[in-house]
Structure formats: structure tokens, C-alpha cells
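Take a look at the structure set out below.
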Amino acid sequence: MASKQLLIVAAVLVVPAFAADLLVGDDKGWAPNVDYDKWVHGNEFIVGNTLVFKYAKGQHTVVEATPSNFAACSQANSLRLWSSGEDRVALTTSGQRWFFCGVGDDCAQGMRFNVTVLPAVKLSSSSPPPHSRGGSVAAVLAASAVVVAALLF
Ligand SMILES: [Cu+2]
11 MASKQLLIVA
21 AVLVVPAFAA
31 DLLVGDDKGW
41 APNVDYDKWV
51 HGNEFIVGNT
61 LVFKYAKGQH
71 TVVEATPSNF
81 AACSQANSLR
91 LWSSGEDRVA
101 LTTSGQRWFF
111 CGVGDDCAQG
121 MRFNVTVLPA
131 VKLSSSSPPP
141 HSRGGSVAAV
151 LAASAVVVAA
161 LLF
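Structure below.
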């Protein structure tokens, strides 16, 4: 009985390290007048995560663009476009990606950001893990601690 509950707790702690939904802008969502640079710096983007853009459908869009088109807020030759109001963008490969709103002059007003997606954690890797992987490892250790605590008590 108790062990089942604790297994669930452990799973909740472990899963976000590998397949977290990242709500763009947190509680402010995808909207004007949000500091997305700050949001990006406060998050960790790892292969397997999914960006979730939430906004009133019709008021904004999500455009994925090349760096130069991102800099110019240009939708010419955009890579992808989403407009559902709750767009899920899976981060399937490592590297940089660029997003902006394609409605009005929202992009020019700052409704845009770019992210660097890091490779998924490889525990077997022989190279020292970069600083950014610390959070994921900590989550796994925290989950392990919960399991150990469960066994002791
Ligand atoms: Cu917009």
C-alpha cells in the first residue's frame, strides 16, 4: 500500500527530467510584455522536453524561423507555424531553435525567444557532465532518496 504511493512519488520526480512540458512564459503564457529572455534563462531545455505555447487562439501564433528571419521578425520562409492556442512543440533534437509571434508587431515588441536544446542525459557518458545537467541528476537522486526512505520507514 505505502510502497505503491511512494513509487508514484518517485515516478513524478523522475519523469520531468526526461519528458517535461515547459509552459512558455509560465503563468503569463504566450503574450506581449513578457520577458522571454528571463524565462529562457530560468529553464533547462533538453531533448525529450516539449514547449507548450498557451494563448487566445487568433490573437497570436507561433512561428519557427531561421536566425536571420527571427532577427528580422520575418515570416518569409518560416520553418513552421502553429496557431491552435495551445501549441505543443517537441524538442526532438539538440541545437538552437528560434520562435516568435507572427501577429501584428508582437515580435518586434519582444514576443520572441530562442533556445538551445541540450542532449538528453546519458548516464553512461564518460565525459564530465556539463553544469546544465545538474538539475536532472539531482531529480534522479532525490527520487532515489525517496525510495530509500520508503524502505527504511
Ligand atoms: Cu502575438
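Residue numbers (my numbering): 11 to 163.
We put the beta carbon where it would ideally sit given N, CA and C, even for glycine.
- Distance from the C-beta of Tyr46 to the nearest heavy atom of ligand 1 is not below 8 angstroms.
- Here the alpha carbons of Tyr46 and Asn79 stand approximately 18 angstroms from one another.
- Within the region 19 to 70, the complete alpha helix (DSSP H) runs of at least 4 residues fall at 26 to 29, 46 to 51.
- Under the DSSP assignment, Ala130 falls outside any beta strand (DSSP E); it carries neither an H nor an E label.
- Your pair Arg98 and Thr60 checks out as a contact, with CB atoms roughly 5 angstroms apart and the cut at 8 angstroms.
- Annotated three-state conformation of Ala81 is helix, per DSSP.
- Runs of beta strand (DSSP E) with 3 or more residues, each lying fully within the region 82 to 108, are found at 90 to 92, 96 to 100, listed in chain order.
- Cβ-Cβ distances below 6 angstroms link Ala29 to Gly58 in the same chain, with the five nearest sequence neighbours on each side left out; the list follows chain order.
- CA-to-CA, the gap between Gly105 and Val50 works out to about 14 angstroms.
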